Amino acid sequence: MSSLGNSTNIFWHECPVGKPDKQKLLQQKGCVVWITGLSGSGKSTLACSIGRELHSRGKLSYVLDGDNLRHGLNKDLGFKAEDRAENIRRVGEVAKLFADAGLICIASLISPYRRDRDACRSLLPVASFIEVFMNMPLEVCEKRDAKGLYKLAREGKIKGFTGIDDPYEPPLNCEIEIQQHHGICPAPNVMAGQVVSYLEEKGFLHA
Ligand SMILES: Nc1ncnc2c1ncn2[C@@H]1O[C@H](COP(=O)(O)OS(=O)(=O)O)[C@@H](OP(=O)(O)O)[C@H]1O
Ligand SMILES: Nc1ncnc2c1ncn2[C@@H]1O[C@H](COP(=O)(O)OP(=O)(O)O)[C@@H](O)[C@H]1O
Numbered sequence: 043m044s045s046l047g048n049s050t051n052i053f054w055h056e057c058p059v060g061k062p063d064k065q066k067l068l069q070q071k072g073c074v075v076w077i078t079g080l081s082g083s084g085k086s087t088l089a090c091s092i093g094r095e096l097h098s099r100g101k102l103s104y105v106l107d108g109d110n111l112r113h114g115l116n117k118d119l120g121f122k123a124e125d126r127a128e129n130i131r132r133v134g135e136v137a138k139l140f141a142d143a144g145l146i147c148i149a150s151l152i153s154p155y156r157r158d159r160d161a162c163r164s165l166l167p168v169a170s171f172i173e174v175f176m177n178m179p180l181e182v183c184e185k186r187d188a189k190g191l192y193k194l195a196r197e198g199k200i201k202g203f204t205g206i207d208d209p210y211e212p213p214l215n216c217e218i219e220i221q222q223h224h225g226i227c228p229a230p231n232v233m234a235g236q237v238v239s240y241l242e243e244k245g246f247l248h249a
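Here is the structure:
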């Protein structure tokens, strides 16, 4: 039987070097950029592009990619709703630690349930959780089918695939929405520019 959530008699230990010291050292403010959207919507591409742009500006970031984390930290989890919830919960907690270390943490996961994303938001100081919605139509994602998973889902060889026979709840009030213009998806560097401009505007790229 699971003993999750059963810790008792535990105490918080404060360390002398705090978040403000780390932010001063790095000359930036820690935050979480949370990218949500269907499989194939361009989450990983955007995450890497933001990471590259920030790196070129001398800013420290780290990408937490759903697919990658499922090779390690989350390899015990599947895709039923409760596993996805636990997946998001863990990544939210890790993202919070990165932000506490002063980094710009970029999390890219389908994160299909609003409740799970909102729970991650509530872990962070107000305004430090920046939700980015990759609002790409299912048809676009399915046409790309970079991993061939939509084909398998349509053939019934994968059950519970997001967008096909599993839900995706779009954000109701995200900070940034990426969408097509006249049926054309912006290039990755353009999408990344939109996010980095937001970070700049909100003061995250300075101590
Ligand atoms: N059933 C099902 N539904 C959705 N996605 C599936 C499924 N099975 C495997 N995959 C692959 O897993 C990647 C999504 O992992 P995530 O951790 O981001 O998912 S979630 O946030 O827990 O919903 C997702 O990667 P991305 O394409 O990068 O989104 C898929 O490659
Ligand atoms: N802005 C874009 N314009 C055109 N193709 C893109 C764009 N972003 C991503 N792609 C392509 O779409 C496919 C899925 O992108 P990916 O970043 O892996 O999505 P996700 O992480 O959401 O599954 C890849 O083949 C990628 O090259």
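Read left to right, the sequence shown gives residues 43 to 249 (our numbering). Glycine is no exception: its CB is placed at the ideal position from the N, C-alpha and C atoms. Keep in mind the model is a prediction, meaning the values are calculated, not measured.
query	result
I need the DSSP call for I130, collapsed to helix, strand or coil.	helix
Go ahead and pull the three-state DSSP assignment for T87.	helix
Using CA coordinates, which residue listed in A188, N177, Q70 and Q236 is at the minimum distance from A143?	Q70
So what's F140 in DSSP terms, helix, strand or just coil?	helix
As an exercise, report each continuous beta strand (DSSP E) stretch of at least 3 residues that is fully enclosed by the stretch 194 to 238, in chain order.	218 to 221
Exposed or buried, what is I226 when buried is set at 16 or more other beta-carbons lying within 10 Å of its beta-carbon?	exposed
Taking the C-alpha atoms as reference points, what is the distance between W76 and A149?	5 Å
Say yes only if the C-beta of L191 is nearer than 7 Å to one or more non-hydrogen atoms of ligand 1, and no if none qualify.	yes
For the alpha helix (DSSP H) containing C147, name the first residue and the last one.	Note, C147: premise wrong, no alpha helix (DSSP H); beta strand (DSSP E) at I146 to S150.
What do you get for D63, buried or exposed, if any count of 16 or more other CB atoms within 10 angstroms of its CB means buried?	exposed
Relative to the alpha-carbon of I206, which residue among K138, C183, N110 and P228 has its alpha-carbon at the smallest distance?	C183
Could you check how far apart the C-beta atoms of V174 and I218 are, in whole angstroms? I think they sit under 8 Å.	5 Å
Hey, out of N231, L119, H113 and L106, whose CA is closest to V74's CA?	L106
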